[in-house]
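With the sequence shown counted from 1, adding 23 to any position gets you this note's numbering. Idealized CB from N, CA, C, for every residue including glycine.
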Amino acid sequence: MSLYVFFYDKILGSARESRQVRLSERPDDRSTRIIGNHPQADIRLESQYVPKIAAAVRKDGDRWTLEAHEGRHGCLIDGDPMPPGKRLRIENGMILEIFPFVLEFRLEETAEECSDERERVRWHQERVMELVRFVHRELVPEIRVELDELKTAPQLTDFLNSLEKWIEQIARRSEKIDEPLTDHLAGACLRSELLNGLLAIDSMGGDAGTQEIWHADNRWRKLSSALLPLENELRHLRELIAAELKLEGTDEIRSRDDFSRNIRKIESNFWPVWRGYPARLHPEFKTYLALRQLKKDIKDIVYGYGPLEDLIATPGITEIMVVSRDRIYIEREGVIENSGRRFVSDQVTESIIQRMVNNVGGHIDRAKPMADARLRDGSRINAVIAPTAVSGPCLTIRKFTTQKYGADDLIARGSVSREAIAFLKAAVTDRRNIVVSGGTGSGKTTFLNILSAFVDPRERVVTVEDTAELSLKMEHVVRLEAKGENVEGKGVISIRDLVRNSLRMRPDRIVVGECRSGEALDMLQAMNTGHDGSMTTIHANSAEGVVSRLEVLVQLASETDLPIETIHRQIATALDLIVQLKRENDGRRHVVQICECAGIDPVTRKLRLKELFSASEGGSLRPTGRLPSFLDRLIDKGLIGLDQFLPVMKRQHEVAGT
Numbered sequence: 024m025s026l027y028v029f030f031y032d033k034i035l036g037s038a039r040e041s042r043q044v045r046l047s048e049r050p051d052d053r054s055t056r057i058i059g060n061h062p063q064a065d066i067r068l069e070s071q072y073v074p075k076i077a078a079a080v081r082k083d084g085d086r087w088t089l090e091a092h093e094g095r096h097g098c099l100i101d102g103d104p105m106p107p108g109k110r111l112r113i114e115n116g117m118i119l120e121i122f123p124f125v126l127e128f129r130l131e132e133t134a135e136e137c138s139d140e141r142e143r144v145r146w147h148q149e150r151v152m153e154l155v156r157f158v159h160r161e162l163v164p165e166i167r168v169e170l171d172e173l174k175t176a177p178q179l180t181d182f183l184n185s186l187e188k189w190i191e192q193i194a195r196r197s198e199k200i201d202e203p204l205t206d207h208l209a210g211a212c213l214r215s216e217l218l219n220g221l222l223a224i225d226s227m228g229g230d231a232g233t234q235e236i237w238h239a240d241n242r243w244r245k246l247s248s249a250l251l252p253l254e255n256e257l258r259h260l261r262e263l264i265a266a267e268l269k270l271e272g273t274d275e276i277r278s279r280d281d282f283s284r285n286i287r288k289i290e291s292n293f294w295p296v297w298r299g300y301p302a303r304l305h306p307e308f309k310t311y312l313a314l315r316q317l318k319k320d321i322k323d324i325v326y327g328y329g330p331l332e333d334l335i336a337t338p339g340i341t342e343i344m345v346v347s348r349d350r351i352y353i354e355r356e357g358v359i360e361n362s363g364r365r366f367v368s369d370q371v372t373e374s375i376i377q378r379m380v381n382n383v384g385g386h387i388d389r390a391k392p393m394a395d396a397r398l399r400d401g402s403r404i405n406a407v408i409a410p411t412a413v414s415g416p417c418l419t420i421r422k423f424t425t426q427k428y429g430a431d432d433l434i435a436r437g438s439v440s441r442e443a444i445a446f447l448k449a450a451v452t453d454r455r456n457i458v459v460s461g462g463t464g465s466g467k468t469t470f471l472n473i474l475s476a477f478v479d480p481r482e483r484v485v486t487v488e489d490t491a492e493l494s495l496k497m498e499h500v501v502r503l504e505a506k507g508e509n510v511e512g513k514g515v516i517s518i519r520d521l522v523r524n525s526l527r528m529r530p531d532r533i534v535v536g537e538c539r540s541g542e543a544l545d546m547l548q549a550m551n552t553g554h555d556g557s558m559t560t561i562h563a564n565s566a567e568g569v570v571s572r573l574e575v576l577v578q579l580a581s582e583t584d585l586p587i588e589t590i591h592r593q594i595a596t597a598l599d600l601i602v603q604l605k606r607e608n609d610g611r612r613h614v615v616q617i618c619e620c621a622g623i624d625p626v627t628r629k630l631r632l633k634e635l636f637s638a639s640e641g642g643s644l645r646p647t648g649r650l651p652s653f654l655d656r657l658i659d660k661g662l663i664g665l666d667q668f669l670p671v672m673k674r675q676h677e678v679a680g681t
C-alpha cells in the first residue's frame with residue numbers, strides 16, 4: 024500500500040504538487056516521514072508560517088498514522104483541530120490543513136499489489152499524470168507561437184513537427200517511461216483510437232462538427248510526426264482488438280443506444296483484453312504508440328481542453344462537472360460517476376476554463392470570477408474560479424444532445440404510461456395551461472419538448488428561455504433568449520422582460536423554459552388573459568411544492584404584498600395541470616404524478632389539487648380513478664375516450680361489488 028499526499032498553497036494559489044510515500048515491505052518498519060518546512064522534510068511546505076516539523080507520518084503495522092506537532096496555527100483534520108501529540112489513523116481522502124497548505128491523503132496499491140484490473144489501471148494512470156505534468160512544465164517555456172499566427176499549412180506543419188519533437192525529447196529525458204508505463208500508454212492509444220472510430224461513425228450519422236463548435240481552431244489535432252507504416256500497423260491492431268471486444272461495425276450501428284452499448288464494451292473490457300497484447304508487439308512499435316498518446320495528451324492541454332477533450336466528444340455523456348483539478352465527474356444515463364481524469368494543476372485548469380469561455384465570446388478573470396456561456400450547439404457552460412472557488416476552479420458543462428426523444432421513446436423506457444401520454448396530448452390540443460415540475464436533472468426540458476410536439480403546427484408559438492434548449496418541431500415559432508450583462512455591466516435582458524415583450528407579439532401560446540423569478544407572475548397573467556395552452560417548467564419536488572414555489576415567486580415579483588388567497592386564486596384560474604417528474608437514485612427519470620388545479624377550497628381558501636395519475640413507489644403511472652373536470656370537453660372533441668380511465672373505474676367497481 025502506498026500513501027500519496029497531494030498538497031497546495033491556498034493563499035498563493037500555486038499549482039498543486041504531489042509527493043509519494045511508499046509503504047515499506049517490512050512490517051516492522053516504523054520509520055517516520057516528516058511534514059514541515061525543514062529542508063530535509065519528506066513533504067516540504069515552504070512557508071514562514073509552517074514550523075520545521077509540523078506533523079509526522081508513520082507506518083504502524085499495515086496502516087499509516089499521522090501525529091500533529093506544535094505549531095503557530097496548528098493542524099486541522101477535515102476541518103477539526105488536531106491536538107499536538109495526538110495520533111490517528113490516516114483514512115483514504117482525509118484532508119489535513121497546515122496553514123497555508125491543504126494536504127489530501129490517498130491510499131493506493133502499487134501495480135504489483137493490485138489484484139483488481141481496475142486498480143492496476145488507476146495506478147498506471149497516476150504515473151501517466153506525473154509524466155504529463157513534468158513534460159508540460161518543461162514544454163511551456165519553449166512555446167512562443169499561437170496557432171492563429173500560423174497562416175499557411177507549411178508553417179503549421181513545421182510548428183507541429185517541432186512541438187511533437189520537443190514533447191518526445193522531454194519525455195525521453197525524464198527517464199520516467201519504463202516498460203510498464205510504455206505498455207499502459209500504448210494501450211491508452213489503442214483505447215482512444217477505438218473510441219475515435221465510434222465517434223467517426225457518429226459524425227456520419229449527423230453529429231459532424233461537434234469539435235469545430237467547441238474549438239475556434241482545431242488544427243493542432245493533426246499528428247504531424249505520424250509514420251505511415253506504423254499507422255497502418257496501428258489500424259490493423261485496432262481491428263484485431265475491436266473484433267475481440269465484439270464491437271459492432273458501421274452497418275450495425277443505427278441508434279444512440281448502439282453507440283452507448285459499444286462504448287460500454289470498450290470501457291468495461293478493453294484493459295483486460297489489452298493485457299495479452301504488449302508481449303506480442305515490437306518494442307519500437309509500443310514506444311511509438313506510447314509517445315503518440317503522450318503527444319495527444321500534451322497538445323490537448325496546450326491548445327484544447329485537456330482531460331475534458333474525450334469527455335466532450337463521447338456520446339452518452341450529458342454533463343461534465345469539474346469539482347477541482349483532480350476530481351472530474353460525468354453524468355451518463357442519469358447516473359453521476361467519477362471520470363478518473365485530472366488536470367495537471369489549478370493553473371492549467373483555470374487557463375483551460377478561460378480558453379473555453381473566451382472561445383464562446385465570454386469573459387472570466389479574477390475580477391469577474393463567474394461566467395455563463397452557451398455554444399452554438401446549445402451546450403451550456405458555467406465556470407467559477409478564484410477567489411470565489413475556494414477549492415480550485417470549477418466548471419459545469421451541460422452538453423446539448425442532438426437526439427430528440429418522442430413520446431413513444433419515453434413509453435418504451437417506462438418513464439410514462441401510454442394512458443398518461445394520451446391524456447396529456449388531448450390536454451395540449453385543448454389548450455390547457457401546463458406546468459412541468461421536478462428537481463434538477465429530472466428531465467423537465469425534455470418533457471416540455473415532447474408536450475410541445477402536440478401543439479397544432481398552425482399556431483404561433485413564442486418560446487422564452489434563459490438558455491435556448493427547447494426545440495419545437497414547428498415552422499411558426501419565435502425563439503427568444505435572455506441576455507446577460509456585457510463587459511461594461513450593461514445590456515441585461517431578463518426572462519421577465521422577454522415574457523412581457525412576448526405578449527405584444529400576438530402569440531397563440533407562450534412557452535417559457537423555466538420560471539425561476541418574477542416572470543412567474545407575468546406568466547400567470549398571460550395564462551389568464553387569453554394565451555391558453557401556455558406551458559413552462561419550475562423547480563419543485565411535488566405538485567404541492569409547485570404551489571408554494573409560485574407563492575414565493577409571485578410575492579417577490581409583485582410591487583405590493585399580495586395576500587396568499589389572492590395568489591392562490593390567480594394560480595387556480597391560470598393553471599390547469601401540473602406534471603411532476605422525479606429522478607431516481609439509479610438515474611431513471613419518470614413521471615410520478617399528474618394533478619389538476621381544481622379551484623379554491625371553500626374551507627382553507629387555498630388551491631385544491633386533484634390527483635389524476637399517480638405512480639406507486641417503483642411502479643408505473645396509472646389513473647387514480649378521479650376524472651378531470653374538463654373530461655367531457657375532451658370527449659366531445661374526440662380527443663380522448665373514456666376508456667383511458669375505464670381500467671381503474673372497473674377495478675373500483677369490482678372492489679365495491681365484493
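Please report the distance separating the alpha-carbon of residue i from that of residue j.
| i | j | result |
| --- | --- | --- |
| residue 461 | residue 124 | 41 Å |
| residue 406 | residue 121 | 28 Å |
| residue 422 | residue 343 | 8 Å |
| residue 629 | residue 618 | 15 Å |
| residue 111 | residue 579 | 51 Å |
| residue 324 | residue 378 | 11 Å |
| residue 102 | residue 118 | 8 Å |
| residue 622 | residue 443 | 22 Å |
| residue 329 | residue 419 | 15 Å |
| residue 141 | residue 354 | 20 Å |
| residue 433 | residue 280 | 14 Å |
| residue 333 | residue 601 | 39 Å |
| residue 263 | residue 220 | 13 Å |
| residue 177 | residue 613 | 55 Å |
Just tell me which of the options has its CA closest to the CA of residue i.
| i | options | result |
| --- | --- | --- |
| residue 95 | 111, 77 and 102 | 77 |
| residue 97 | 85, 72 and 111 | 72 |
| residue 615 | 435, 605 and 653 | 605 |
| residue 114 | 82, 106 and 144 | 82 |
| residue 480 | 190, 175, 311 and 500 | 500 |
| residue 538 | 508, 528, 574 and 88 | 574 |
| residue 197 | 155, 65, 384 and 174 | 155 |
| residue 639 | 440, 576, 281 and 484 | 440 |
| residue 530 | 541, 503 and 517 | 503 |
| residue 414 | 369, 394 and 435 | 369 |
| residue 358 | 70, 80, 242 and 610 | 610 |
| residue 126 | 68, 149, 163 and 563 | 68 |
So what does DSSP say about residue i, is it helix, strand or coil?
| i | result |
| --- | --- |
| residue 460 | strand |
| residue 568 | helix |
| residue 215 | helix |
| residue 632 | strand |
| residue 115 | coil |
| residue 585 | coil |
| residue 407 | strand |
| residue 488 | strand |
| residue 91 | strand |
| residue 65 | coil |
| residue 659 | helix |
| residue 441 | helix |
| residue 4 | Since the first residue shown for the chain is 24 and the last is 681, residue 4 is missing from the structure and cannot be characterised. |
| residue 127 | strand |
| residue 323 | helix |
| residue 33 | coil |
| residue 341 | strand |
| residue 413 | coil |
| residue 621 | strand |
| residue 27 | strand |
Run through the DSSP bridge pairs and tell me what residue i is partnered with.
| i | result |
| --- | --- |
| residue 59 | 67 |
| residue 616 | 603 and 637 |
Looking at C-beta atoms only, is the number of pairs between the segment 538-558 and the segment 589-599 that lie closer than 8 Å three or more? yes
Check whether the segment 206-225 touches the segment 290-299, counting contact only when three or more Cβ pairs, one atom from each stretch, lie closer than 8 Å. yes
For the segment 340-354 and the segment 387-404, state whether three or more C-beta atom pairs, one from each stretch, are separated by less than 8 Å. Cβ pair count under 8 Å is below three, so no.
Counting Cβ pairs, one atom from each stretch, are 3 or more of them under 8 Å apart for the segment 478-494 and the segment 528-543? Because the criterion of three Cβ pairs below 8 Å is met, the segment 478-494 and the segment 528-543 touch.
Could you tell me whether the segment 427-441 touches the segment 328-346, using the rule of 3 or more Cβ pairs below 8 Å? no
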